[in-house]
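Notes follow the structure.
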Amino acid sequence: MDEARKALMTAVEDVLYETDLSLANDDTLLKDLGANSIDRVDIIITAMNNLGIRCDLMSFQEARSIGEISEILAAQRA
């Protein structure tokens, strides 16, 4: 999951480039970082591209935190 988390955090940094991510952890919600619904989709798609995977965005419907999204990305990569 470390690679999935790294890809996700890179995507968050790319999309929310003005946000300080130094305090972000697995429990941090994307909305708490200032992401709206469009940002969230951009972040997830960018992370999938970073990992070289494709999956249904509906897989992420219930995931809110960095940790939850990272887990789904890691599972899709396996």
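Numbering (the working numbering), first residue to last: 0 to 77.
All C-beta atoms, glycine included, are put in the ideal place defined by N, C-alpha and C.
Fill in: Same chain, Cβ closer than 6 Å to A29, neighbours up to 5 away in sequence not counted
The sequence as given places Leu at residue 29; Ala does not occur at that position. Cβ neighbours of L29 beyond the five flanking positions: R39.
Fill in: Nearest neighbour of L22, chosen from A73, L50, S69, I65 [CA to CA]
The shortest Cα separation from L22 among A73, L50, S69, I65 belongs to I65.
Worksheet item: Can L32 and T9 be called in contact, C-beta distance under 9 Å?
Response: Their beta carbons are not under 9 Å apart, which means L32 does not touch T9 by this criterion.
Discussion item. What would DSSP say about L28, mapped onto helix, strand or coil?
Written reply: Taken through DSSP and simplified to helix, strand or coil, L28 comes out as strand.
Practice prompt. Could you have a look at S64 and say whether DSSP puts it in helix, strand or coil?
Written response: Correct three-state label for S64: strand.
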